[in-house]
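Just so you know, the sequences run in chain order A and B.
Residues in the first sequence are numbered consecutively from 157, following our numbering.
Residues in the second sequence are numbered consecutively from 77, following our numbering.
Yeah, the Cβ is synthetic: ideal placement off N, Cα and C, and Gly gets one too.
Being a predicted model, the structure only gives us computed values, none of them experimental.
Written below as structure tokens is the structure these notes are about.
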Amino acid sequence: MLWNQFKRTIRTPSMLMFYGITIIGVYFVSVIISTVLSFGPVVFLLGVLVEDVLDRGTVFTAMGVLTLSSIVGGYFGLGPAAVLTENDESIILGAPIKPYQLFMSRYVRRLVRKIVFIFAGLVAIFPIVSSANILFMPLFTLLITTIIFFEVNYFLGGIASYFKVKLQQRTNNPIRHLLVVLLVVLALLPTIPSVTSSSVESMLVPSNAFAYIVTEVTGILSWGYGPLVGLQFLALGFLISFLFLSALCDFDYYEVFATAAGREKVEGRFSKIVRGQVDFTETRFSDPMSWIMLKDFWSRMRSPLQIWKYVYVVFGTIFVVYLNLVRPANLAPMQIPPELSSTAIPAFLLIVLLMIQLSSVTSLLSFVDEQDNIYLLKASPFKPIDIILAKYMLSLMEVGLSSIPILGFIAYFFRVQGFGALLTLAAPLVLIFTASGIAIGAFVPVFTNDPRILPVPLAFSFPVVNLTLGAVLIALVAALAHELLILVALPFYVLAIVFLFLEAGVHAMNSFR
Amino acid sequence: MELSAIQKMTDDELVRLARVLKVPIASRTVKRSWLVEELSNTMEERKEKRADKPKKLPNPAVDIKGMSKRFGKTLAVDKLDLKVSPGEIVGLVGPNGAGKTTTLRVMTGIIKPNGGEVSVGGHDIQKSPIQAKDLIGYIPEKPTCYPSLTVREYLMFMGRIYDVPNEETLVRMSHYLDMFQLRVHLDDYIGTLSKGNLQRTLLVGIFVREPPFVLAFDEPIYGLDPRGAWSLKAHLHDLKKEGSAILVSTHILEVAERLCDRFVIMNDAKVVGRGTLKELLNESTRATNLEEVFLELTGGIPE
Ligand SMILES: Nc1ncnc2c1ncn2[C@@H]1O[C@H](COP(=O)(O)OP(=O)(O)OP(=O)(O)O)[C@@H](O)[C@H]1O
Ligand SMILES: [Mg+2]
Chain A
157 MLWNQFKRTI
167 RTPSMLMFYG
177 ITIIGVYFVS
187 VIISTVLSFG
197 PVVFLLGVLV
207 EDVLDRGTVF
217 TAMGVLTLSS
227 IVGGYFGLGP
237 AAVLTENDES
247 IILGAPIKPY
257 QLFMSRYVRR
267 LVRKIVFIFA
277 GLVAIFPIVS
287 SANILFMPLF
297 TLLITTIIFF
307 EVNYFLGGIA
317 SYFKVKLQQR
327 TNNPIRHLLV
337 VLLVVLALLP
347 TIPSVTSSSV
357 ESMLVPSNAF
367 AYIVTEVTGI
377 LSWGYGPLVG
387 LQFLALGFLI
397 SFLFLSALCD
407 FDYYEVFATA
417 AGREKVEGRF
427 SKIVRGQVDF
437 TETRFSDPMS
447 WIMLKDFWSR
457 MRSPLQIWKY
467 VYVVFGTIFV
477 VYLNLVRPAN
487 LAPMQIPPEL
497 SSTAIPAFLL
507 IVLLMIQLSS
517 VTSLLSFVDE
527 QDNIYLLKAS
537 PFKPIDIILA
547 KYMLSLMEVG
557 LSSIPILGFI
567 AYFFRVQGFG
577 ALLTLAAPLV
587 LIFTASGIAI
597 GAFVPVFTND
607 PRILPVPLAF
617 SFPVVNLTLG
627 AVLIALVAAL
637 AHELLILVAL
647 PFYVLAIVFL
657 FLEAGVHAMN
667 SFR
Chain B
77 MELSAIQKMT
87 DDELVRLARV
97 LKVPIASRTV
107 KRSWLVEELS
117 NTMEERKEKR
127 ADKPKKLPNP
137 AVDIKGMSKR
147 FGKTLAVDKL
157 DLKVSPGEIV
167 GLVGPNGAGK
177 TTTLRVMTGI
187 IKPNGGEVSV
197 GGHDIQKSPI
207 QAKDLIGYIP
217 EKPTCYPSLT
227 VREYLMFMGR
237 IYDVPNEETL
247 VRMSHYLDMF
257 QLRVHLDDYI
267 GTLSKGNLQR
277 TLLVGIFVRE
287 PPFVLAFDEP
297 IYGLDPRGAW
307 SLKAHLHDLK
317 KEGSAILVST
327 HILEVAERLC
337 DRFVIMNDAK
347 VVGRGTLKEL
357 LNESTRATNL
367 EEVFLELTGG
377 IPE
């Protein structure tokens, strides 16, 4: 099936072009970035800082926490049922196929796809890597082991979910959730320093093996024995956990999938409390834009994750405000040596750029979230521009809100010269990124006739477009920093781009497949 | 069916079949009649070599006893008893939300019942699901399929999954593509098919296997055009004569009335009536057709 998707990509010129543009685009952007800044000093600085702040035990525990979080996530999640799709329900679930066969084939496909992406990505960011004086091999090793480690964690999460399912069949007693605690202890126990510092066998635990590899490859806190031992143990852990989880897959997961699929669009318990009731007859506004916004707002609110996002915004903001006002002594900001301050500013901007990019993914999804209803929306008597604007405004709010805590963190910990002025650049970035997200999202139904799935090239193009535009914006500001012209040029640039994207979105809505 | 099916295959398909069967085509042009004969002989030989006995379904082919299924607080099916014999088409009818789809999903082993027993072809769906599923052909309520496969790939894939020899798949595929007017879409991606053509693809995907089947069709007529519906009904009758056991859930009572031998009427998770049309009419005081029986049993005939 993977092969088929590939074939189809090859056969569709527009798709192929998109992939090409994307990869070349990333490559281009990274060439620019790496000529503008040199990452060498930054990386070196980071290394020194890390050795100052951390000790070996913390690294091992941190990796243990990663494993732990995926175990807990797996326990509350679907486990191997997550690889199933609605299409499987029509075809495979009723067929004489054993669950482990299904799981394994799905998994292998996923893995292959991941590896391909990683290679493409690696090629694209090669200029940055070489400018940072990072050797290719260690980086490659690190990437590969990181993936393997995360895959192992995924398996462990799956195994945790198996225990949950089995336990749930025996008892409904809430005490059964104590199992999570047991699993957590199991994950963390082997990471305590007295274990990790003593024996090689401790590397049987994947998180230890991974932490060992990380320290050896980066040279930070390393023992100097080389990463090979760790690699072997990690590979072993990968195989064992993969086979173990495959062996555990049974028909119960069909049930897990079927119940989850039925519940999919329905809210979690927590959001039920918050949601209240929306009565569209009582809205004071009488234009379609606000209806769409209300509808989107509430229907998103009812999706299980959304509420946590707002919780995060609220608590994150409070925490960040606290940090910046009180400046607690035990959480000191990073000290940037004066000789590095000139490289630190571009690095600061790059981090801001990346963080806003991350927050703006919601805008990309605002059309995908409509699923097939997008056709209903299009068939309704709304003007495309109303729909686009409604989506834009709402996403703007969401992206803006969720950027606040991150920006606050950056401002506090990564205090470069003139960070206050630099942070104001966040606002135009949010405006632009949200607009491009909306526009690209609106193109999804133009590309496919399954609007639930974001085509890979579109998803890929999103960060590329944004980073390019963001880099241009920053270059513009840097070039005109001391001239009055900036007061005209900046708003003009931002408004022009936002307008262009929204126009493109309208165009997309008018040319659905 | 073999020879006549091969005779009707297109040239392209004959070449494919020859490749699978390793029948050498020595010269650039061969006589069609020669090739057809050669191919059908080879297929006969292979068949004899495989020497698989014709399968036969036990009676009852589907046996559901006291099956219940709940989703949280909703009871979707309440202690259902249902038997389907080989050579019988049973209609599962009932208002929306009665529990028909749930029944079929339990029967096909997609979800587990909370209580009761389900066996298909004599195999318990819980204890030996693989053997049971080998017999089942399921058309879900909302037909979906892998959008990035072509119709041909999907059909070959189905053949693989159910262990049908490749040459059999090719021949049967060709036959049913004609029956369901799908041949023009053979190389289209499933994602681009219309709803009815998707439904037909799923149907052919079942029929490439060797009968007898235990069919669980959830509203199969819905979405098919009159010709497709007609082909399906005709073929179901043929399958029934060959000994398949067929359970069809439907709302379209005119179709049900002519298609099914027996009915099970569900309302609110429970069975409220069962039997042949005649028996149902006898039991009722006022009803004169299936529609009225249905209305009477599920909330009364509106005045
Ligand atoms: N996954 C699920 N989660 C929760 N409830 C469900 C689920 N699937 C079905 N139900 C409930 O079970 C009951 C029976 O549903 P089912 O789909 O079997 O009805 P049906 O007879 O097929 O109806 P229709 O004629 O509309 O197709 C309904 O009340 C439905 O809401
Ligand atoms: Mg149904």
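Check whether the Cβ of residue i sits closer than 6 Å to any heavy atom of ligand 2, and report yes or no.
i         : result
Lys-176/B : yes
Quick one: does residue i have its CB under 7 Å from some CB of chain A?
i         : result
Asp-139/B : no
Ile-82/B  : no
Thr-374/B : no
Ile-297/B : no
Pro-134/B : no
Ile-206/B : yes
Please list, in chain order, the chain B residues whose beta carbon lies closer than 9 Å to that of residue i.
i         : result
Gly-250/A : Arg-181, Thr-184, Gly-185, Ile-186, Lys-209, Ile-212, Gly-213, Tyr-214, Pro-216, Ala-292
Glu-411/A : Ile-186, Ile-187, Lys-188
Chain B beta carbons: is any one of them nearer than 7 Å to that of residue i?
i         : result
Phe-426/A : Confidence is the limiting factor: at Phe-426/A the pLDDT is only 47, short of 50, which leaves the residue's position unreliable and the question unanswerable from this model.
Ala-414/A : yes
Phe-407/A : yes
Glu-423/A : Because Glu-423/A carries a pLDDT of 44, less than 50, the predicted location of this residue cannot be relied on, and no value is offered for it.
Ile-429/A : Confidence at Ile-429/A is low in this model, with a pLDDT of 48, below 50, so its placement is unreliable and no value can be given for it.
Mind pulling the chain A residues with CB within less than 8 Å of residue i?
i         : result
Tyr-238/B : Ala-251, Pro-252
Quick one: which chain B residues come within Cβ less than 7 Å of residue i?
i         : result
Asn-243/A : Thr-220, Cys-221, Tyr-222
Asp-606/A : Pro-223, Gly-267
Does the distance between the C-beta of residue i and the nearest non-hydrogen atom of ligand 4 fall short of 6 Å?
i         : result
Glu-217/B : Ligand 4 is not part of this structure, which contains only ligand 1 and ligand 2.
Taking residue i as the query, report the chain A residues whose CB atoms sit under 9 Å from its CB, ordered along the chain.
i         : result
Leu-278/B : Ser-246, Ile-247
Ile-322/B : Within 9 Å Cβ-Cβ: nothing; Ile-322/B doesn't reach chain A, min ~15 Å.
Compute every distance between the C-beta of residue i and the non-hydrogen atoms of ligand 1, then say whether any falls below 6 Å.
i         : result
Gly-167/B : no
Phe-366/A : no
Asn-172/B : yes
Phe-397/B : Because residue 397/B is not part of the residues shown, which for chain B are 77 to 379, the question remains open.
Ala-292/B : no
Ala-280/A : no
Thr-184/B : no
Thr-105/B : no
Ala-416/A : no
Lys-152/B : The amino acid at residue 152/B is misidentified as Lys; the sequence shows Ala. Yes, the Cβ of Ala-152/B comes within 6 Å of a heavy atom of ligand 1.
Compare the Cα-Cα distances from residue i to each of the options and report the closest residue.
i         : options                                    : result
Val-143/B : Val-166/B, Gln-275/B, Ile-187/B            : Correcting the residue identity first, residue 143/B is Met in this sequence and not Val. Of Val-166/B, Gln-275/B, Ile-187/B, the residue nearest in Cα terms is Ile-187/B.
Val-169/B : Met-183/B, Phe-233/B, Val-347/B            : Val-347/B
Asn-117/B : Val-99/B, Trp-306/B, Leu-269/B, Lys-141/B  : Val-99/B
Leu-578/A : Phe-589/A, Gly-564/A, Asn-243/A            : Gly-564/A
Met-234/B : Asp-254/B, Lys-218/B, Asp-210/B, His-251/B : Asp-210/B
Gly-213/B : Leu-231/B, Pro-162/B, Val-290/B            : Val-290/B
Val-153/B : Lys-141/B, Pro-288/B, Gln-202/B, Ala-102/B : Lys-141/B
Val-650/A : Leu-625/A, Ser-667/A, Ala-660/A, Ile-304/A : Leu-625/A
Tyr-368/A : Gly-213/A, Ala-652/A, Val-621/A            : Gly-213/A
Gly-304/B : Asp-263/B, Tyr-252/B, Val-324/B, Thr-364/B : Tyr-252/B
Ile-315/A : Ile-271/A, Tyr-231/A, Ile-274/A, Leu-323/A : Tyr-231/A
Ser-515/A : Ser-551/A, Lys-322/A, Leu-323/A            : Ser-551/A
Where in the segment 241-274 of chain B do unbroken runs of the beta strand (DSSP E), each at least 3 residues long, occur, reported from the N-terminal end onward?
none
Write down every uninterrupted run of the beta strand (DSSP E) in the segment 480-555 of chain A whose length is 3 residues or greater and which is fully enclosed by it, in chain order.
none
Report the start-end ranges of each beta strand (DSSP E) in the segment 166-251 of chain B that is 3 residues or longer and not cut off at the edges.
191-196, 212-215
For the segment 255-285 of chain A, which segments carrying the alpha helix (DSSP H) assignment without a break, of at least 4 residues, lie completely within its bounds, in sequence order?
255-280
My parser needs the beta strand (DSSP E) runs of 3 or more residues fully inside the segment 263-327 of chain B; what are they?
290-294, 321-325
Which full runs of the alpha helix (DSSP H) of 4+ residues lie inside the segment 290-370 of chain A, going along the chain?
292-326, 334-344, 349-352
Go through the segment 83-167 of chain B residue by residue and report every complete run of the alpha helix (DSSP H) that reaches 4 residues or more, in order.
87-97, 108-126
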